[in-house]
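K.L.:
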Amino acid sequence: IRSSTKRSQLSRLQPTTTTTTTTTLITITTTTMISSKLARTTLTRRLGQRLASSSAKAVPKNDNTAFGLLAIASGATLCASLYGQREELFAPRKTSLEAAATVQEVEDKFAAYWPRNIIILFGPPGAGKGTHGPKIEDMLGIPQLSTGDMLRAAVAAQTEVGKKAKEIMKAGGLVSDEIVVGIIRDRIKEEDCKFGFILDGFPRTLKQAEALDQMLAEEGARVTKVVELDVPDSVLEERICGRWIHKKSGRSYHVKYAPPKSMTKKWGKVEPESMLDDVTGEPLIQRPDDTATALVKRLGGYHKETVPILKHYEPNGIVKSVNANQKMDGVWKEILASLSRK
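The opening position of the sequence shown corresponds to residue 29 in our numbering, with each subsequent residue numbered one higher.
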């Protein structure tokens, strides 16, 4: 099922009392991928309408295809555990509210009893975390969490941990691992993290990894996948030094690989004033550390800190390395393979 599902396909899934609809639904869902929250929500709504308008005669007890749709729509793989509930699910004259409640119940069970998908995304500066992280987020329907964003949000919300962090930063100190882990603990209790989340930029040290493992164990969870985007250091300088970002949104551009529409050159060099965000038209910036000199130092620190973390998780069989020094489609294909349970 592919993320290129068109809304027009989903809009045609109208309620009916004939078994033909079941075949149509299955034909569409087995040839297209419902990866975004919007697509899943839309299909769930349509399925609710179908349940509401169906009769026992229209949906026989052995209508396994219709039951499969419920599993797809709910984003869960609980067909086996709910198999015995088919008669209840397809009872005559289900209302749309009852159908929605049934789907919600499935999702709640999935969140409570199925291991949460907790992914750590590693990669040196310029490896493509900012490009592929949001794609993973959209495909799995789980948020990508940045420690910097979480820290700022906790301070703004004036949570207990946020207040401690604010005092330390105000005094010019470094926020401790204990506080950062506490901020993560608070964040992952929110509704959007119930099926899992992606950690970007944490852990950075072996000590942080061990603290994260302990915190997750207390929550009845664990890291399920560690994905490393691997790019040779020699390739990264061109990527980093040509990178421009839109500060407010985090959108990333590159003078060679992904230039903004407004970019112009003079005598072969990019004119900085022409670097504008495609969406807002606001000026783009280059990070102060996106220079060749700063990159050498950053890469040294990354390799020194990351290798022990990867070795820490390797015995669990969850570490996957992705060749990120290839075309984007090839990188994404390897990422999908690394995330698969097979």
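Every residue gets a Cβ at the ideal spot worked out from N, C-alpha and C, and that includes glycine.
Can you round the beta-carbon distance between I170 and K253 to whole angstroms, since I take them to be within the 8 Å contact cut?
P.N.:
So it is not a contact: roughly 12 Å between Cβ atoms.
K.L.:
Which full runs of the alpha helix (DSSP H) of 4+ residues lie inside the segment 281–364, going along the chain?
P.N.:
As far as the segment 281–364 is concerned, its whole alpha helix (DSSP H) runs of at least 4 residues are 320–341.
K.L.:
Hey, quick one: how far does the beta strand (DSSP E) through I146 stretch, first residue to last?
P.N.:
Segment N145 to F150, the beta strand (DSSP E) holding I146.
K.L.:
Excluding the 5 residues flanking G156 on each side, which residues of the same chain have their C-beta closer than 7 Å to its C-beta?
P.N.:
Correct list, in chain order: L257, A352 and V359.
K.L.:
Please tell me whether T319 and C269 are closer than 8 Å, where the distance is taken between their beta carbons.
P.N.:
Yes, the pair counts as a contact, with Cβ atoms nearer than the cut-off.
K.L.:
Are the Cβ atoms of E266 and L323 separated by less than 8 Å?
P.N.:
Cβ atoms of E266 and L323: not closer than 8 Å.
K.L.:
Taking the alpha-carbon of D143 as reference, which of G248, K361, S368 and K235 has the nearest alpha-carbon?
P.N.:
Reading the sequence as shown, one finds Pro at residue 143 and not Asp. Cα-wise, what sits closest to P143 is G248.
K.L.:
To which residues does DSSP link Q242 through a beta bridge?
P.N.:
Looking at the DSSP assignment, Q242 forms no beta bridge with any residue, so it has no partner.
K.L.:
Going by the DSSP bridge assignment, what does G224 pair with across the sheet?
P.N.:
In DSSP, G224 forms a bridge with N145.
K.L.:
How many angstroms separate the CA atom of M178 from the CA atom of I207?
P.N.:
Taking the straight line joining both Cα atoms gives about 11 Å.
K.L.:
Based on Cα-Cα distance, which residue from V255, L312 and V307 lies nearest to H282?
P.N.:
Of the candidates V255, L312 and V307, the one whose C-alpha sits nearest the C-alpha of H282 is L312.
K.L.:
Taking buried to mean at least 16 other C-beta atoms within 10 Å of its own C-beta, is A239 buried or exposed?
P.N.:
It is buried - the Cβ of A239 has at least 16 other Cβ atoms within 10 Å.
K.L.:
Quick one: what's got a C-beta closer than 7 Å to V298's C-beta in the same chain, skipping five residues either side?
P.N.:
Counting only Cβ-Cβ distances below 7 Å, and skipping sequence neighbours, we find V283 and M291.
K.L.:
If you follow the beta strand (DSSP E) that E219 is part of, which residue opens it and which one closes it?
P.N.:
Neither: E219 is in no beta strand (DSSP E) and is coded neither H nor E.
K.L.:
For D228, count neighbouring C-beta atoms within 10 Å of its own C-beta (all shown protein chains included) and say buried if the count is 16 or more, exposed if not.
P.N.:
Buried, because 16 or more other Cβ atoms sit within 10 Å of the Cβ of D228.
K.L.:
In the DSSP assignment, the alpha helix (DSSP H) including I164 goes from what residue to what residue?
P.N.:
Taken as a continuous stretch (DSSP letters only), the alpha helix (DSSP H) holding I164 covers K157 to L168.
K.L.:
Quick check: the Cα distance between R315 and S280, rounded to an integer number of angstroms?
P.N.:
Approximately 11 Å between the Cα atoms of the pair.
K.L.:
On the DSSP bridge assignment, give the partners of D258 in chain order.
P.N.:
Note: D258 sits in a beta bridge opposite N351.
K.L.:
Report the three-state DSSP secondary structure of K253 (helix, strand or coil).
P.N.:
Strand.
K.L.:
Who are Q132's beta bridge partners in DSSP?
P.N.:
The partner list for Q132 (beta bridge, DSSP) is empty, contrary to what the question assumes.
K.L.:
Below 8 Å on the Cβ atoms is my guess for A193 versus V183; work out the distance and round it to an integer in Å.
P.N.:
A193 to V183, Cβ: 6 Å. Contact.
K.L.:
Whose CA, out of V350, A365, C221 and Q354, lies closest to the CA of Y285?
P.N.:
When each option's Cα is compared against that of Y285, the closest is Q354.
K.L.:
What whole-angstrom Cβ distance do K348 and V259 have, given they're in contact under 8 Å?
P.N.:
Not really, about 15 Å apart at Cβ, beyond 8 Å.
K.L.:
Count the other CB atoms within 10 Å of the CB of T130; is the residue buried (16 or more) or exposed (fewer)?
P.N.:
Under this definition T130 is a buried residue.
K.L.:
Do D214 and T187 have their C-beta atoms within less than 8 Å of each other?
P.N.:
Against a cut-off of 8 Å, the Cβ pair of T187 and D214 comes out as a contact.
K.L.:
Kindly indicate the opening and closing residues of the alpha helix (DSSP H) around R232.
P.N.:
R232 -> no alpha helix (DSSP H), and no H or E assigned at all.
K.L.:
Return the chain-ordered list of same chain residues with a C-beta closer than 7 Å to the C-beta of E165, the five sequence neighbours on each side being excluded.
P.N.:
P171, Q172 and I226.
K.L.:
By the three-class DSSP mapping on this structure, what secondary structure does S174 have?
P.N.:
Strand.
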